[in-house]
Every structure is written in structure tokens, then in C-alpha cells.
Amino acid sequence: MSYFSVTFIFLLAAKALLACEICAANQPKGLENITHGPGPAGDFDYIISIIAIIIVLLSLFYSIKFLVKPKEDNPDHVKNIVLNQGLGL
């Protein structure tokens, strides 16, 4: 596939990812054009969303942290086995 066709497909899909005018009007302030359907029904929905965002951000932070500096010096660690001997495929 050429670069042009991939770009064209993504541009066509971008319109479908945004909420329509009716759904955007029914969303609470700050969440317009994010999703179709009704927005959060109450405070508990916002609490659940905030907790989920915190969990995702913590997971992202620790995954990047341990990928960059794993701090495993044990020569028997699986990381060193793969790095030194290869996968054996």
C-alpha cells in the first residue's frame, strides 16, 4: 500500500471517530465530540473514569521505567539468558 492510500484511509476514518452533532450536544461540557451516546450519568462515573486514567498512567510510567532501566544484575535472570544465548530459534 502506498503512503497516499494509507493516509486517505485514515482521513476517511477520522470523521467516524468523532461524535455527531446530536451526541455532541448531549455530552457534558469538556467531553463533547469524544464519543457517541450519553455522557457520564453522575459523579460515580467520573470517579471510575479518573481512577481508570490514573491506573493507565501508572502502568505506562512503570512499563517505560522498567524497559529503560530494568536494574536486573543477576546473571541467571531470563533477560540475560535471552541476550547472551539468543532465543534458540
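Under mature numbering (1 follows the signal peptide of the UniProt record, and there is no 0), the letters of the sequence shown match residues -19 to -1, 1 to 70, in that order.
Using N, Cα and C, we set each Cβ at its ideal position, and we do this for glycine too.
Backbone secondary structure at Cys1 - three-state DSSP: For the purposes of this step, residue 1 is taken as residue 20 along the sequence shown, with counting starting at 1. Looking at Cys1 - three-state DSSP - the assignment turns out to be coil, as it is neither helix nor strand.
Answer yes or no: do Asn14 and Ala22 have a C-beta to C-beta separation smaller than 7 Å? The count along the sequence shown starts at 1 and reaches residue 14 at position 33. The count along the sequence shown starts at 1 and reaches residue 22 at position 41. No; because the gap between Cβ atoms is not below 7 Å, this pair is not in contact.
Are the CB atoms of Glu53 and Lys60 nearer to each other than 7 Å? Start at 1 with the first residue of the sequence shown, and residue 53 comes out as number 72. Start at 1 with the first residue of the sequence shown, and residue 60 comes out as number 79. Contact flag set, yes.
8 Å contact criterion, which Gly18 and Leu12 should meet: CB distance rounded: One-based indexing of the sequence shown puts residue 18 at position 37. One-based indexing of the sequence shown puts residue 12 at position 31. Contact flag wrong, Cβ pair sits at about 11 Å.
Could you give the first and the last residue of the continuous alpha helix (DSSP H) run that contains Ser44? Residue mapping note: residue 44 aligns to position 63 of the sequence shown, counting from 1. Run containing Ser44: 24 to 49, per the alpha helix (DSSP H) assignment.
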